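Numbering-wise, the first sequence is residues 87 to 375 according to my numbering.
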Amino acid sequence: MPGAVMAWYRENARDLPWRRPEFADRYGGWGVLVSEFMLQQTPVTRVIPHLEAWLARWPTPTSLAADAPADAVRQWANLGYPRRALWLHRAALEIRDRHGGVVPRDVDALLALTGIGDYTARAVAVFAYGERHPVVDTNTRRVIVRAIDGRSQPDPPSRRDLDAMESLLPAGDAESALFNAAMMELGATVCTARSPLCDACPIAHICAWRLAGRPDTGDTRRKQARYEGSDRQARGAVLKTLRAATSRSVPIEAVLPDWPDPLQRDRAIDSLVADGLAEASGGFLRLPA
DNA sequence: AAAGCGTGGTT
DNA sequence: TAACCAAGCTT
């Protein structure tokens with residue numbers, strides 16, 4: 087299977103900034119690290135412009151570390167999950183203080199950085215430094231569960247995913263990096279969650295799920311909670327006003343004065359402060375200095 | 001270990 | 001239109 091997927095990838099990979107040879111100098115350890123933070127749960131097409139702007143402003147971890155977390159949260163804009171901006175800033179501090187300003191290539195050192203888990207650590211080690219590790223994201227998990235297990239949707243991430251991918255990995259470093267990227271790409275563009283394009287799939291002939299008639303095998307994934315009216319929506323609205331504020335501090339009574347549920351607004355402010363995404367003092371609220 | 005965490009595009 | 005979906009991580 088790896089051979090067919092890699093051959094398909096060579097012909098069909100999307101033209102993305104970090105894949106362009108002329109941008110290779112921008113996508114070393116730091117460029118890949120920033121891109122992977124942004125890509126955690128945010129679609130590629132929304133990430134690209136923000137990624138280029140971020141790297142233009144902060145071309146190194148040390149340059150980001152020299153600015154305030156508030157600057158990172160503002161620059162993050164509407165990418166969503168703003169604590170990623172906070173965590174990325176924290177990781178930059180850790181890289182400056184523990185690694186001399188150089189993004190580490192060792193998976194365990196990467197895992198020890200704030201905001202980096204099993205996926206991101208291996209993605210940096212493999213795509214930035216060419217090491218040989220299994221890189222498993224939701225796309226790869228979906229391809230594997232369909233092709234091998236014959237089911238329609240993957241289970242939540244687990245240690246087994248890494249083992250399954252490891253057993254498929256080609257022997258060479260460069261080949262294994264290509265295969266990791268190819269599996270993600272196949273899941274992202276062909277073996278999609280909702281309407282897979284099996285006619286365009288390079289491994290349709292050996293796919294257990296397709297050969298079984300694409301049964302709906304049930305979905306063990308968690309359902310996403312309703313957003314409209316949620317605390318998350320309230321947090322998002324509070325943070326949006328803090329980001330937009332021209333003066334850096336906002337009187338607390340001026341934050342969402344007309345929010346339908348004042349208790350929910352207060353809860354949102356408190357939780358943002360608890361998360362370090364906002365600071366309250368003297369009746370004012372602001373992004374973290 | 002299950003739940004919480006943004007935002008916007010697609011179906 | 002409401003639900004689904006998107007290169008996950010932390011507690």
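A virtual CB, placed ideally from N, CA and C, is assigned to each residue, including glycine. Keep in mind the model is a prediction, meaning the values are calculated, not measured.
In terms of Cα proximity to R191, the closest of G216, D249, L264 and R329 is G216. A straight-line Cα-Cα distance of about 18 angstroms links T146 and I134.
In this structure, Y95 lies near A267, with their beta-carbon atoms less than 9 angstroms apart. Around the Cβ of L371, a 10 Å sphere holds 16 or more other Cβ atoms; the residue is buried. In the DSSP assignment, the residues bridged to L371 are V336 and A366. Contact between the stretch 259 to 276 and the stretch 308 to 315 is not established, with fewer than three Cβ pairs separated by less than 8 angstroms.
When DSSP states are grouped into helix, strand and coil, Q319 belongs to the helix group. Between the stretch 326 to 335 and the stretch 122 to 132 there are fewer than three C-beta pairs closer than 8 angstroms, too few to call the two in contact.
Contact between the stretch 191 to 203 and the stretch 160 to 167 is not established, with fewer than three Cβ pairs separated by less than 8 angstroms.
The stretch 269 to 286 and the stretch 223 to 242 touch, with no fewer than 3 CB-CB distances between them shorter than 8 angstroms. Spanning the alpha carbons of H185 and A178 requires a straight line of approximately 10 angstroms. Judged by their CB atoms, A211 and R182 are not nearer to each other than the 9 angstroms cut-off. Separation of A99 and N225 (C-alpha to C-alpha, rounded to the nearest whole angstrom) is 14 angstroms. At a cut-off of 4 residues, the continuous stretches assigned as alpha helix (DSSP H) that sit fully inside the stretch 121 to 186 are 130 to 143, 147 to 151, 155 to 162 and 169 to 185.
Taking a contact as a CB-CB distance under 8 angstroms, the pair H175 and P155 counts as one, their CB atoms being some 5 angstroms apart. Across the set R351, E271, I202 and L272, the C-alpha of I202 shows the shortest separation from the C-alpha of A171.
Taken atom to atom, the span from the alpha-carbon of A233 to that of A320 is near 41 angstroms. The shortest C-alpha to C-alpha distance from P337 to any of C293, S367, S357 and A257 is the one to S367. Distance from the CA atom of Y167 to the CA atom of C287, rounded to whole angstroms, is 33 angstroms.
For the set W345, G236 and T131, the Cα lying nearest the Cα of I289 is the one of G236. K309 sits in coil when the DSSP states are folded into three classes, being neither helix nor strand. By the criterion of a C-beta distance shorter than 8 angstroms, E271 is surrounded in its chain by Y95, N98, A99, R100 and N225, once the five residues flanking it on both sides are discounted. Distance check between V189 and each of T148, D204 and V221 places T148 closest, using alpha-carbon atoms only.
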